[in-house]
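Protein sequence lines correspond, in order, to chains A and B.
full-length UniProt numbering puts the last residue of the first sequence at 191; the count rises by one with no breaks.
full-length UniProt numbering puts the last residue of the second sequence at 456; the count rises by one with no breaks.
Following: one structure in structure tokens, then a few remarks.
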Amino acid sequence: MVLVLALGDLHIPHRAADLPPKFKSMLVPGKIQHIICTGNLCIKEVQDYLKTLCPDLHITRGEYDEDTRYPETKTLTIGQFKLGLCHGHQVIPWGDLDSLAMLQRQLDVDILVTGHTHQFTAYKHEAGVVINPGSATGAYSSITYDVNPSFVLMDIDGLRVVIYVYELIDGEVKVDKIDFKKTPATTHSAH
Amino acid sequence: MAKERMPDWLNSSLWSTTPSVDDRLHRFSLSPTTTTTTAAAAVSEPIVQPTVPVSPPAAASRPQYTVTSQKYEFRDPIDKNSNNNSNDNDQNASPSGVSPDDISRQAQLLAELSKKVVNFRELRRIASQGIPDGAGIRSTVWKLLLGYLPPDRLQWSSELAKKRSEYKQFKEELLMNPTEITRKLEKSAVDDHSKSESSGLLSRSQVTHGEHPLSLGESSIWNQFFQDTEIIEQIDRDVKRTHPDMQFFSGDLPLAKSNQDALKDILIVFAKLNPGIRYVQGMNEILAPLFYVFRNDPDEEMAAAAEADSFFCFVELLSGFRDHFCKQLDNSTVGIRSTISRLSQFLKEHDEELWRHLEITTKVNPQFYAFRWITLLLTQEFNFADSLHIWDTLLSDPEGPLETLLRVCCAMLILVRRRLLAGDFTSNLKLLQNYPSSNISHLLYVANKLRSQASN
């Protein structure tokens, strides 16, 4: 039962001052085992804050990040799942499933987490999952101003992952969940 | 009646040092005497005559508790004088561990246990003299004394089966993590329909009852799980520290690991079932002897179910002492402070001089030493084997474990009275917090004498 927090595109301080208070009250240290961040934090203070939530923090570089040392992509294995992380501005067209699927095959991961579009999406593609946690602060994106703050919490348990989607809609936190089960056999034969 | 001076029987050299021989309790008269004077006469008189190979009272070091061939000569006269209420004939304790007294007690206990309906009074009487270590007798006797096994032998197997399955159920319900709970609640959630499409949007579904991992709601299973995590961590830490010197509990062997896991599970289940008291540091020390005794039962079936049995016996044992662990009750009439003051009062009744010296002259607040004695039922004051012996008496005494405990604590104080009277705050505190190892049978004998002396 491993809890993994996926969030990104906070754009603090340029486009947003802070996480919404309702999100902040929920994110307390001690509950989450890993944090993966798609990028565009943008400053070190945000990284420090995320580090207080959980010491195991993974970040990839977004185009506005002030720290240039973050990698472009990152992969990690949690339980039975391989996760891939990338900001997503490198993958064009932005937010396109097929292009992201290419990246997923390239990184050879079961769950690919990207951002940049500031819109939550969750796709299933060929025995893998592509998730976009959206923007945790609701900052405007290159595409649109109409952004709801959102982030994703994954509960990885064996071959199953339950993806909880937290969105702030009209000032209220709405939680949905998505169930996904990984097929245990070889996952890369084209169906 | 309040004694102004020390009673005669207390004044004998018998109490100033601990005998270094394995005393048999029943060698001294255990029959309750109606007046103190007769008891004093019975004991003090024979002591005066023979040469007693006792190290002088001034000797600071206590002779270690060893079973040697060195015997007290005066024991023989006492045997002839007092009425022996045991069936023993043999006077001499053999140097080896198992003496004829042990064997006869073992025989008595086995006879008692094999009866169809166990006579509790008889059982308590024999058990209070000490239970021999072999043949799994202690395990069965403790279970009977704690009310886990019914007196009627025929019901044992059904009772045991019932209780063990109950425990298994507790474990299944309470030790599940929230992921499994949510999965169980919605069995039909993950269907195969999602497998039909190889790509496309994943369907989102509603979260039931607002149950999500970051939920801050009081009734949320996730929130409760995280709150329990603190307690579980505390339990884990304490279990790892239980009896670090014993291979059974700590060490690298898988045996130790599985024992620790069992202790942990028991304490976690207890904490979850008792939200009022949860887990308090020290409960692991009370559980440890129970589990040890039950696990080392030579009967395989009993040993395998040691965890479940320990759980119920632990609950039963703790029920008399629960209030000591509840912080809110500290200052109430049932809390630990009141028990400590009872001990103090007890000491005052039996040995006013010592009481005065401790509390008023040297200002040794009984809380400094008695707290650990009482809450942990003396498990930390003596070595493991001795504490098992003390527990035999605690559990078998018809007055109840708490009363017996107070008497034993009072006896502990009285036994070192010479050193206490001679010491100041620092030395007294040091002595009481590191109680010297002593002859346990002797200690229990004194404690028993306090009962017959109790002024009511």
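Beta carbons are placed, not taken as given, at the ideal position from N, Cα and C, and that holds for glycine.
- Assignment of M154(A) by DSSP, reduced to helix, strand and coil, places it in the strand class.
- Here E167(A) carries a strand assignment [DSSP, helix/strand/coil].
- Put simply, the backbone Cα of T375(B) is about 21 angstroms away from that of L273(B).
- One alpha carbon belongs to Y123(A), the other to W94(A), and they sit about 14 angstroms apart.
- Look at F180(A) here: in three-state DSSP terms it is strand.
- Those residues of the stretch 128-162 of chain A placed with their C-beta closer than 8 angstroms to a C-beta in chain B are V129, L153, D155, D157, R160, V162, ordered along the chain.
- In this structure, V165(A) lies away from D155(A), with their beta-carbon atoms at least 7 angstroms apart.
- Counting along the chain, the unbroken beta strand (DSSP E) around C86(A) starts and ends at 81-86.
- Among the CB atoms of chain B, one or more fall inside 7 angstroms of the CB of I178(A).
- Among the residues of chain A, those whose CB is under 8 angstroms from the CB of S205(B) are D176, K177, I178, D179, following chain order.
- Residue-level contact by beta carbon holds for L3(A) and chain B, with a gap shorter than 7 angstroms.
- Following the DSSP letters along the chain, one finds N259(B) inside the alpha helix (DSSP H) bounded by residues 254-273.
- Looking at the DSSP output, A6(A) bridges to I36(A), V152(A).
- If you look at L145(B), you'll find it isn't in any beta strand (DSSP E); it sits in the alpha helix (DSSP H) that goes 137-145.
- The beta carbon of R337(B) is closer than 6 angstroms to those of D330, N331 in its chain, skipping five residues each way along the sequence.
- With its beta carbon at least 7 angstroms from every one in chain A, L185(B) lies outside the interface.
- In the three-state reduction of the DSSP assignment, H324(B) falls in the helix class.
- Against chain B, the CB of Y64(A) has no partner CB under 7 angstroms away; the residue lies outside that interface.
- For I126(B), the enclosing alpha helix (DSSP H) begins and ends at 120-127.
- Its Cα nearest to that of V239(B), the residue F249(B) stands out among F249(B), L123(B), K184(B).
- Rounded to the nearest angstrom, the gap between the Cα atoms of Y167(B) and A308(B) is 6 angstroms.
- Note on D48(A): under 16 other CB atoms within 10 angstroms of its CB, so exposed under the neighbour-count rule.
- Residues of the stretch 213-236 of chain B that bring their beta carbon within less than 7 angstroms of a beta carbon in chain A comprise P213, L214, L216, F226, in sequence order.
- Taking 8 angstroms as the cut-off between beta carbons, the residues of the stretch 91-120 of chain A near chain B are L97, A101, in sequence order.
- Between L149(B) and F311(B), the alpha-carbon positions lie close to 13 angstroms from each other.
- Straight-line spacing of the CA atoms in Q33(A) and L318(B) works out to 36 angstroms.
- Nearest in C-alpha terms to P133(A), of all of N40(A), K51(A), E66(A), G79(A), is N40(A).
- Per DSSP, the unbroken alpha helix (DSSP H) holding H389(B) starts and ends at 384-396.
- Around G79(A), the same chain offers V2, I156 as residues with beta carbons nearer than 6 angstroms, after the five sequence neighbours per side are excluded.
- In this structure, T183(A) keeps its C-beta atom at 7 angstroms or more from the C-beta atom of A136(A).
- Contact with chain B is found for Y164(A), since one of that chain's Cβ atoms lies less than 7 angstroms from the residue's Cβ.
- Comparing C-alpha distances from D265(B) to each of P298(B), C409(B), I231(B) shows the shortest one belongs to I231(B).
- Residues of the same chain with a CB within less than 6 angstroms of the CB of L112(A), apart from the 5 flanking positions on each side, are G84, Q104, V130 in chain order.
- At least one CB atom of chain B sits nearer than 7 angstroms to the CB of K124(A).
- Per the Cβ contact rule, the stretch 384-399 of chain B is in contact with the stretch 287-300 of chain B (3 or more Cβ pairs under 8 angstroms).
- Annotation for I137(B): Q106, L109, L110, L113, I131 place their beta carbon closer than 8 angstroms to its own, counting only its chain and skipping 5 residues before and after.
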